[in-house]
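Report on the structure given below.
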Amino acid sequence: MIKGKKKKIKALVTKVGLDGHDRGAKVVASMLKEAGMEVIYLGMFQMPENIVKAALDEDVDVIGLSYLSGEHLIFTPLIVEEMKKNGLDNVLLVAGGTFPAEDIPTMEEMGIDKVFRAGSLSESFVEYIRDNVKE
Amino acid sequence: MKKNSNIDEMIQQLFAGNRRAASRLITRVENETEDHHEIMKKIYPHTGQAMIVGLTGSGGAGKSTLTDHLIQKFREQGKTVGVIVVDPSSPFSGGALLGDRIRLQRHFLDDGVYIRSLASRGYLGGLSRATYNVIRILEAMGMDIIIVETLGAGQDEIDIIHVANTCILVATPGMGDDIQAMKAGIMEIADIIALNKADLEGANRSLRQLQTALSVASLEEGQWAPRVIPTVSMGSRPEDLKGIDELTSAVLEHQEYLDTSRSIDQVKFERVEEELGLVFKDELQRLIFKGLRGTGKKRKYINSIIEGKNDPYSVVDEILNTYLIRKKKK
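Protein sequences appear in the order of chains G and H.
Quick note: the first sequence uses the numbering used here, first residue 1016, plus one each step.
Quick note: the second sequence uses the numbering used here, first residue 8, plus one each step.
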């Protein structure tokens, strides 16, 4: 923990690929804001390179991916690889949205720290992020 | 010890243009870590050379989309561009939704562009306290041009004049009559006014009002005459856009004016004067509150003011006298 003023948690919330359903991502971004975090909202149609470059420039503590349209198993490894390539090993990676429950272990194996499905309580992911932000 | 050498290494990497180093140093400065004064001391000699362009105006006027176009134009000229976008922090939760970056995404993969979003963190004036230092860091990183976009500003959030060489006010049609355009404050700080959304109804009327308001301002001979440029920063087709080249040229012309008239010296002087004042104020307040910590005096002072037994001015006099006198004795 850096000494000085209380460190603000910086989060990046984004949709990935061609998935245009951004309502959930907006709700989550607002909830994180209300929990006192500074949230970079990247919106829709982002590719892994864009997301990781933004995370690098903004020095975020956590990246939140929002999935709905069934691309979660395709994009997750690409994002994890891009993060590794850019040395973002201290950044927490979480994902949420609508996808089959049986995919969760695969997503976590691929490198997502924690998966939250649609319907998760805001307390659960806010608390998770607060407790697990690295450094 | 190790921590210090770490910072030195990061600063060396920053001078070499490393964005990861820049982004980590900015976080430290923004969070006012113990070592942030040391960081700034080492960085400061490597700053002061960039051209700093400020954009201000109401929320939704089009600051970010115009910023996007300016980045594009400056990149076409081969310049590297640092971008600082400020959005407000919540007065309740302290959180913030930083949504300006979304408009700048075509530059994400350009290594000649570095974009950083800052939350205002309660700082008034349209910027965040760290903005002054973040500009310095981006200068030390070697950026040719730094664009600073304020949060959505009203009439009096004008701190941008203390940091920018060139101030662009982004206005839109229908924002009030000619009296609004004549008021003091934000209308006066603009070197250039971009009348954005100039394809909307009422744009011609607004243009005339702004031009009239500017024309009655008294100018000294040779002084820069602020100008209004109608722009359209968004459109489904490229040909819908308007005024982007004119806006870019106006920025460069203003820069040239500053250089040839030597007004740039005055701009630099005022920028440092403001910085010095801010550092003094922060440091003095920090020292005083640190001195009061644990003594219970701060609470007593506040309560005595509420109860009407004292007032803030007398308290400050009393504290300053005690502290400054004590300092002298040492």
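We treat Cβ as the ideally placed atom computed from N, Cα and C, and that holds for glycine.
No experiment lies behind these values; they were computed from the predicted model shown.
Close-in-space but distant-in-sequence residues of the same chain around residue i (CB under 7 Å, 5 per side omitted)
i                       : result
residue 137 of chain H  : 36, 37 and 125
residue 1148 of chain G : 1024, 1076, 1077 and 1107
residue 1129 of chain G : 1109 and 1143
residue 1074 of chain G : 1025
residue 336 of chain H  : For residue 336 of chain H, the pLDDT reaches just 49, beneath the cut-off of 50, and the residue's location in the model is therefore unreliable, leaving the point undetermined.
residue 219 of chain H  : 185
Any chain G beta carbon closer than 8 Å to residue i
i                      : result
residue 30 of chain H  : yes
residue 276 of chain H : no
residue 115 of chain H : yes
residue 34 of chain H  : yes
residue 224 of chain H : no
residue 102 of chain H : yes
residue 126 of chain H : yes
residue 26 of chain H  : yes
residue 13 of chain H  : no
residue 121 of chain H : yes
residue 140 of chain H : no
residue 234 of chain H : no
residue 65 of chain H  : no
residue 317 of chain H : no
residue 91 of chain H  : no
Strand pairing of residue i, partner residues [DSSP]
i                       : result
residue 1107 of chain G : G:1077
residue 154 of chain H  : H:60 and H:90
residue 237 of chain H  : H:202
residue 122 of chain H  : H:90
residue 1040 of chain G : Partner(s): none; residue 1040 of chain G has no beta bridge.
residue 249 of chain H  : H:239
residue 1031 of chain G : G:1061
Residue from the options whose Cα sits closest to the Cα of residue i
i                       : options                           : result
residue 26 of chain H   : G:1097, G:1072 and G:1063         : G:1072
residue 113 of chain H  : H:99, H:78, H:17 and H:256        : H:78
residue 1051 of chain G : H:71, H:103 and H:65              : H:103
residue 188 of chain H  : H:215, H:205, H:165 and H:169     : H:215
residue 289 of chain H  : H:130, H:184, H:259 and H:269     : H:130
residue 97 of chain H   : G:1066, G:1048 and G:1118         : G:1048
residue 210 of chain H  : H:304, H:268, H:180 and H:176     : H:180
residue 1036 of chain G : G:1086, G:1117, G:1069 and G:1067 : G:1086
residue 230 of chain H  : H:253, H:271 and H:244            : H:271
residue 260 of chain H  : H:306, H:173 and H:291            : H:173
residue 72 of chain H   : H:250, H:282 and H:57             : H:250
residue 168 of chain H  : H:323, H:297 and H:155            : H:155
residue 170 of chain H  : H:33, H:299, H:300 and H:285      : H:285
residue 92 of chain H   : H:64, H:193, H:324 and H:206      : H:64
residue 1135 of chain G : G:1117, G:1111 and G:1122         : G:1111
residue 107 of chain H  : G:1141, G:1046 and G:1053         : G:1053
residue 1117 of chain G : G:1131, G:1098 and G:1140         : G:1131
Neighbour flag for residue i against chain H, beta carbons, 8 Å
i                       : result
residue 1138 of chain G : no
residue 1052 of chain G : yes
residue 1124 of chain G : no
residue 1105 of chain G : no
residue 1020 of chain G : Because the pLDDT at residue 1020 of chain G is just 47, under 50, the model does not fix this residue reliably, and the value given afterwards should be weighed accordingly. So, interface residue.
residue 1033 of chain G : no
residue 1055 of chain G : yes
residue 1030 of chain G : no
residue 1084 of chain G : no
For residue i, three-class secondary structure by DSSP
i                       : result
residue 1056 of chain G : strand
residue 992 of chain G  : In the structure as shown, chain G starts at 1016 and stops at 1150, and residue 992 of chain G therefore has no counterpart that could be examined.
residue 68 of chain H   : coil
residue 242 of chain H  : coil
residue 1082 of chain G : strand
residue 1069 of chain G : helix
residue 318 of chain H  : coil
residue 273 of chain H  : helix
residue 1061 of chain G : strand
residue 175 of chain H  : strand
residue 338 of chain H  : Any answer about residue 338 of chain H is impossible in this case: the structure gives chain H only from 8 up to 337.
residue 284 of chain H  : helix
residue 302 of chain H  : coil
residue 1116 of chain G : helix
residue 116 of chain H  : coil
residue 162 of chain H  : coil
Residues near residue i by beta carbon distance below 8 Å, same chain, minus five either side
i                       : result
residue 317 of chain H  : 308 and 311
residue 1125 of chain G : 1088, 1091, 1092 and 1095
residue 224 of chain H  : 195 and 233
residue 217 of chain H  : 178, 188, 200, 202 and 235
residue 47 of chain H   : 36, 140 and 143
residue 24 of chain H   : 148 and 149
Proximal residues to residue i (C-beta, below 6 Å), its chain only, five neighbours per side dropped
i                       : result
residue 221 of chain H  : 233
residue 89 of chain H   : 121, 145, 150 and 153
residue 18 of chain H   : 49
residue 1040 of chain G : 1028, 1030 and 1081
Heavy atom of the ligand FAD within 7 Å of residue i beta-carbon
i                      : result
residue 271 of chain H : Here there are no bound small molecules, and the ligand FAD is not part of this structure.
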